[in-house]
Amino acid sequence: MNKYLNVVYTIFVVLFAIILFSYPTNVFNACKFGLTFWYNNILPSLFPFMIITGLILESSLLIKLIRITFSRVMGILFRVSGVGSLPVILGMFCGFPVGAKITADLYDKRLISNVEAERLISFCNNCGPIFIISVVCLQLLDNIQYASFIIIVQILSAFSVGIVFRNYKKNVKHSQQSDSLINTNTPKSISTILNENIINSAYTVINIGSFIIFYSVLLEVLHISNISTILNMFFIPIENLLHIEPSLRGKLAMGLIEISTGVNNVAISSGTILHKLLLINIIINWGSFSVHSQTSNILQKSNISFKPYILGKLLQTVFCILYTILFCLF
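Pasting the structure below:
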């Protein structure tokens, strides 16, 4: 950390601490919101699937079957091996950050190469349909009919990014490991596999909850300190470009930082349903800095570059805007 960045960091920490101690009730409510959201939505929708995906990765027979079944389509579309279909499918079905976690696990087990991992991470980490249907559409928008629209836009946007990134480091071929490589791990008993996956899944889900709570508090601090008002000014060009109502500008800014709070604020706002759907799609496809922090933590442990991921998310956001406008026109 250079000296200028260190000064900025120090000022931020001091101001953050002052606000925390000055507004304990606000901080408590923000923590409570983040914890409640994690407990009611993330824990039940993510924890079981984390265990299942971990068990799948321990089965050499299933991995071999998946590799053979999806080898051709994954190679043609995304220039990765067949086993890369796991983070793509489960990441789309289970939600953040399952796609990133499975990609990292596959790379750690030497089932995919580093280049394949970077191509996959650009588009496989997405919002799950359970969150979109139950939270966004049923609880917030009070209309389940919007679910298919939001999900389809996300799938098209993510796959468009994947097709673009198939040319990422295109001179490096995708993984050509033999199937015998899958069996090189030391055999484990079923009880050991189950125990390890339960513990690892619990650690990951609790880690996700910690990030959600922190960013919920951060949003409250930004609101109290009026920094959020300054941030809103940077979104005036987007407001003018997309012709959204000025009242929604701040909701978008907050949503890009923390997804649950942002989607909630957009849904309960007074904007038109078309503007709401556009901003919700932007927030969901971008993922928020909260999700990016979770993903960065996962990728860092496996030495997978974060750059393709963040570039992919930026590109996916652009695609989602185009698809949303296109569908609304026709």
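Per this note's numbering, residue 2 is the first one in the sequence shown, and the count goes up by one each step. Yeah, the Cβ is synthetic: ideal placement off N, Cα and C, and Gly gets one too.
With 16 other Cβ atoms within 10 Å as the buried cut-off, status of residue i
{"i": "residue 26", "result": "exposed"}
{"i": "residue 106", "result": "buried"}
{"i": "residue 235", "result": "exposed"}
{"i": "residue 321", "result": "buried"}
{"i": "residue 37", "result": "exposed"}
{"i": "residue 315", "result": "exposed"}
{"i": "residue 158", "result": "buried"}
{"i": "residue 241", "result": "exposed"}
{"i": "residue 22", "result": "exposed"}
{"i": "residue 162", "result": "buried"}
{"i": "residue 184", "result": "Since pLDDT at residue 184 reaches only 47, below the 50 mark, its modelled position is unreliable, and the value read off the structure follows with that caveat. The residue is exposed, with fewer than 16 neighbouring Cβ atoms inside 10 Å."}
{"i": "residue 253", "result": "buried"}
{"i": "residue 116", "result": "buried"}
{"i": "residue 19", "result": "exposed"}
{"i": "residue 66", "result": "exposed"}
{"i": "residue 43", "result": "buried"}
{"i": "residue 269", "result": "exposed"}
{"i": "residue 68", "result": "buried"}
CA-to-CA distance, residue j to residue i, given in whole angstroms
{"i": "residue 61", "j": "residue 237", "result": "52 Å"}
{"i": "residue 146", "j": "residue 138", "result": "8 Å"}
{"i": "residue 55", "j": "residue 81", "result": "21 Å"}
{"i": "residue 14", "j": "residue 219", "result": "11 Å"}
{"i": "residue 246", "j": "residue 273", "result": "9 Å"}
{"i": "residue 148", "j": "residue 3", "result": "46 Å"}
{"i": "residue 11", "j": "residue 294", "result": "20 Å"}
{"i": "residue 29", "j": "residue 160", "result": "40 Å"}
{"i": "residue 194", "j": "residue 59", "result": "7 Å"}
{"i": "residue 208", "j": "residue 331", "result": "42 Å"}
{"i": "residue 221", "j": "residue 211", "result": "16 Å"}
{"i": "residue 39", "j": "residue 206", "result": "9 Å"}
{"i": "residue 6", "j": "residue 122", "result": "28 Å"}
{"i": "residue 131", "j": "residue 8", "result": "42 Å"}
{"i": "residue 89", "j": "residue 302", "result": "20 Å"}
{"i": "residue 165", "j": "residue 113", "result": "19 Å"}
{"i": "residue 118", "j": "residue 188", "result": "25 Å"}
{"i": "residue 97", "j": "residue 127", "result": "6 Å"}
{"i": "residue 78", "j": "residue 24", "result": "52 Å"}
{"i": "residue 178", "j": "residue 304", "result": "For residue 178, the pLDDT reaches just 46, beneath the cut-off of 50, and the residue's location in the model is therefore unreliable, leaving the point undetermined."}
{"i": "residue 319", "j": "residue 289", "result": "15 Å"}
{"i": "residue 312", "j": "residue 110", "result": "25 Å"}
{"i": "residue 196", "j": "residue 170", "result": "38 Å"}
{"i": "residue 64", "j": "residue 104", "result": "13 Å"}
{"i": "residue 85", "j": "residue 299", "result": "17 Å"}
{"i": "residue 292", "j": "residue 277", "result": "21 Å"}
{"i": "residue 73", "j": "residue 248", "result": "48 Å"}
{"i": "residue 214", "j": "residue 41", "result": "13 Å"}
{"i": "residue 172", "j": "residue 133", "result": "38 Å"}
Residues near residue i by beta carbon distance below 8 Å, same chain, minus five either side
{"i": "residue 275", "result": "329"}
{"i": "residue 326", "result": "279"}
{"i": "residue 265", "result": "141"}
{"i": "residue 150", "result": "278 and 328"}
{"i": "residue 32", "result": "214, 217 and 218"}
Spatial neighbours of residue i in its chain, beta-carbon cut-off 7 Å, leaving aside the 5 residues before and after
{"i": "residue 52", "result": "198, 199 and 202"}
{"i": "residue 251", "result": "229 and 233"}
{"i": "residue 34", "result": "217"}
{"i": "residue 297", "result": "307"}
{"i": "residue 70", "result": "83"}
{"i": "residue 317", "result": "124, 158, 159, 162 and 286"}
{"i": "residue 243", "result": "279"}
Nonlocal neighbours in the same chain, by C-beta distance under 6 Å from residue i, ignoring five residues either side
{"i": "residue 263", "result": "255, 256 and 284"}
Best match in the options for proximity to residue i [C-alpha to C-alpha]
{"i": "residue 153", "options": "121, 244, 286 and 311", "result": "286"}
{"i": "residue 99", "options": "253, 49 and 172", "result": "49"}
{"i": "residue 17", "options": "226, 269 and 259", "result": "226"}
{"i": "residue 168", "options": "130, 309, 260 and 63", "result": "309"}
{"i": "residue 92", "options": "141, 155 and 63", "result": "155"}
{"i": "residue 267", "options": "111, 296, 95 and 141", "result": "141"}
{"i": "residue 191", "options": "42, 57 and 31", "result": "57"}
{"i": "residue 94", "options": "67, 214, 47 and 224", "result": "47"}
{"i": "residue 260", "options": "74, 129 and 66", "result": "129"}
{"i": "residue 204", "options": "73, 102 and 243", "result": "102"}
{"i": "residue 323", "options": "44, 144 and 282", "result": "282"}
{"i": "residue 45", "options": "135, 72, 292 and 32", "result": "135"}
{"i": "residue 224", "options": "74, 213 and 258", "result": "258"}
heavy atom of the ligand NAD below 7 Å from residue i C-beta
{"i": "residue 325", "result": "Questions concerning the ligand NAD fall outside what the structure shown contains, since it holds no ligand whatsoever."}
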